[in-house]
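Written out below as structure tokens is the structure these notes cover.
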Amino acid sequence: MSTPYTWQKSSFSGGGEGNACVELASTAAALHLRESDDPGVVLSTTPAPVDHLLRAIRTGTVAAPRRR
């Protein structure tokens, strides 16, 4: 599946074979994530949850996963 998004990846990711990484693309309403080694699978979300996650990571307030 090909998508019309402009995908970006970290400058820390290598450009050679075997350098799988997460790629990001954005539109006015959503953020899209995919793994470079499986580009047909795209996870889409709104900006608010990603902003919340990044703020929690930066401030060290990410909660531990709950046990079920």
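Everything in the sequence shown is counted per the UniProt record's numbering, starting at 1 for the first residue and increasing by one. Each residue gets a CB set at the ideal place from its N, CA and C atoms; glycine is no exception.
Item                                                                                               : Value
DSSP-derived helix/strand/coil call for Pro4                                                       : coil
Beta bridge counterpart(s) of Ala25 as assigned by DSSP                                            : His32
Residue environment, Arg34, which counts as buried when at least 16 other CB atoms sit within 10 Å : buried
Beta bridge counterpart(s) of Asp38 as assigned by DSSP                                            : Glu35
One or two residues paired with Leu43 in a DSSP bridge                                             : Leu33
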